[in-house]
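Residue numbers (this note's numbering): 41 to 189.
Idealized CB from N, CA, C, for every residue including glycine.
See below for the structure under consideration.
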């Protein structure tokens, strides 16, 4: 009886289609870290030390929050680095400053820079410098590109 059971199970295993064996999927290759190809620098020209409150700039790319600069004095250069897909990207910046309680508050609409398209090219780092003047009422934006390598 034991011999016939062993023989039957051996025959069954040999007759099974070997291709029917399910193998686990291959592990996904590690995703490459995207190279930083975009740099925003924001700075404000302030008239006095009393106006030099803590501020930050939130960066929206194609209507989605992409990041923000570090918080710091508005007269200091505040930076944000990111990896963006090549192409024309809609860039919107929001200027925030510390309110009376110390919490960040969005500045009024008339103090916000206008939206604009910025071209991001493959193999280049796009640098955007936004400079606020006249108490934040005016802003200028300069765009430049440098080769990544």
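Cα atoms of residue 101 and residue 156: separation of roughly 10 Å, rounded to the nearest angstrom. Across the structure, residue 137 and residue 169 are spaced so that their CA atoms are roughly 18 Å apart.
Annotated as distal: residue 133 and residue 110, with beta-carbon spacing of 9 Å or more. The beta-carbon distance between residue 118 and residue 96, rounded to whole angstroms, is 6 Å. This is short enough to meet the 8 Å contact definition.
Burial of residue 176 is indicated by the presence of at least 16 other C-beta atoms within 10 angstroms of its C-beta. As computed with DSSP, residue 160 is found in a beta bridge with 127. At the C-beta level, residue 76 and residue 147 stay beyond 9 Å of one another. In the three-state DSSP reduction, residue 79 falls in the strand class (E or B). The residues 160, 161, 162, in chain order, have a CB closer than 7 Å to that of residue 126 in the same chain once the five nearest residues on each side in sequence are set aside.
When DSSP states are grouped into helix, strand and coil, residue 147 belongs to the coil group. When DSSP states are grouped into helix, strand and coil, residue 91 belongs to the helix group. Listed in chain order, the non-local C-beta contacts of residue 186 below 6 Å within the same chain comprise 165, local neighbours out to five positions each way being set aside.
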